[in-house]
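Enquirer: In order, the protein sequence lines correspond to chains E and S. For the record, in the first sequence the residue sitting at position 40 is 233 according to the numbering used here, with numbers rising by one throughout. For the record, in the second sequence the residue sitting at position 102 is 309 according to the numbering used here, with numbers rising by one throughout.
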Amino acid sequence: GAVVSQHPSRVICKSGTSVKIECRSLDFQATTMFWYRQFPKQSLMLMATSNEGSKATYEQGVEKDKFLINHASLTLSTLTVTSAHPEDSSFYICSALEGTNTEAFFGQGTRLTVV
Amino acid sequence: AQSVTQLDSQVPVFEEAPVELRCNYSSSVSVYLFWYVQYPNQGLQLLLKYLSGSTLVESINGFEAEFNKSQTSFHLRKPSVHISDTAEYFCAVSEGSGGYNKLIFGAGTRLAVHP
Numbered sequence: 194g195a196v197v198s199q200h201p202s203r204v205i206c207k208s209g210t211s212v213k214i215e216c217r218s219l220d221f222q223a224t225t226m227f228w229y230r231q232f233p234k235q236s237l238m239l240m241a242t243s244n245e246g247s248k249a250t251y252e253q254g255v256e257k258d259k260f261l262i263n264h265a266s267l268t269l270s271t272l273t274v275t276s277a278h279p280e281d282s283s284f285y286i287c288s289a290l291e292g293t294n295t296e297a298f299f300g301q302g303t304r305l306t307v308v
Numbered sequence: 208a209q210s211v212t213q214l215d216s217q218v219p220v221f222e223e224a225p226v227e228l229r230c231n232y233s234s235s236v237s238v239y240l241f242w243y244v245q246y247p248n249q250g251l252q253l254l255l256k257y258l259s260g261s262t263l264v265e266s267i268n269g270f271e272a273e274f275n276k277s278q279t280s281f282h283l284r285k286p287s288v289h290i291s292d293t294a295e296y297f298c299a300v301s302e303g304s305g306g307y308n309k310l311i312f313g314a315g316t317r318l319a320v321h322p
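1. Looking at E/V255: is its Cβ nearer than 8 Å to the Cβ of E/A277?
2. Measuring only the C-alpha atoms, how far is E/V212 from E/Y229?
3. Look up E/P279 in the DSSP assignment and say whether it is helix, strand or coil.
4. For the beta strand (DSSP E) holding S/L240, just list the boundary residues, first then last.
5. For E/T306, which residues in chain S fall below 7 Å Cβ to Cβ?
6. For the stretch 225-259 of chain S, list every residue whose C-beta sits within 9 Å of some C-beta in chain E, in sequence order.
7. Using the beta-carbon of each residue, which ones in chain E are nearer than 8 Å to S/K309?
8. For the beta strand (DSSP E) that contains E/T271, what are its first and last residues?
9. Leaving out the 5 sequence neighbours to the left and right, which residues in its chain are closer than 6 Å to S/S266 when beta-carbon positions are compared?
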């Protein structure tokens, strides 16, 4: 299957700082990327959908000014958590989709801890 | 609105025993159905999917799932589990209206295989 690489796998940051997470499709062009958040022992909750070159579509209740998503190229999307607080600590996972395929491929996830 | 219910949060089972992980969904339109597996601190890996055609789908590592439209179910089964099958399993649904639509995940089922 296609490979999606997410970086970093773990990050610890101080409260009030910003953190950027990268999601790359290594062997295909990702026209659409999805960002999910997963709390411990819970399911994945979709945060936003981004299409290359356009603004992301955020799910209800997700603060777009806090979770900045940039999908500037067909192989890279970034999620920036701005002014992070301890309650932003979570596991963030991206997935990437090529064209009209019926399967999106997931990254390995990023464990964010805000102290 | 779509929703996915995984009836069991945890399923303990002995090695080489059969297992069934239950998944029910609700949707007013035709759907695509997926099972994903997640190992600790990792992203999701697609196990198998139902898009159309045969209602019984199989994975390469011995899992199978059957789409039952009348019961709106997509239960996952394996006749003989291994220790290495210990993981979190997520059922997901997306509307099959052509191409890919965002996934709605169930809460997950933790499969624990004991020796």
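C-beta: ideal position from N, C-alpha, C; glycine also.
Expert: If we stick to the structure as given:
1. Cβ atoms of E/V255 and E/A277: not closer than 8 Å.
2. Cα to Cα, the separation comes out at about 16 Å.
3. It is helical.
4. Residues 238-245.
5. In chain order: nothing, as chain S lies at least about 12 Å away.
6. Contact annotation: in the stretch 225-259 of chain S, residues whose CB is within less than 9 Å of a CB in chain E are Y239, F241, Y243, Q245, N248, Q249, G250, L251, Q252, L253, K256, L258.
7. Near S/K309 (Cβ distances below 8 Å), the residues of chain E are F227, L239, T242.
8. It spans 269-274 - the beta strand (DSSP E) in which E/T271 sits, taken as one unbroken run.
9. So the list reads L254, L255, once near-sequence residues are dropped.
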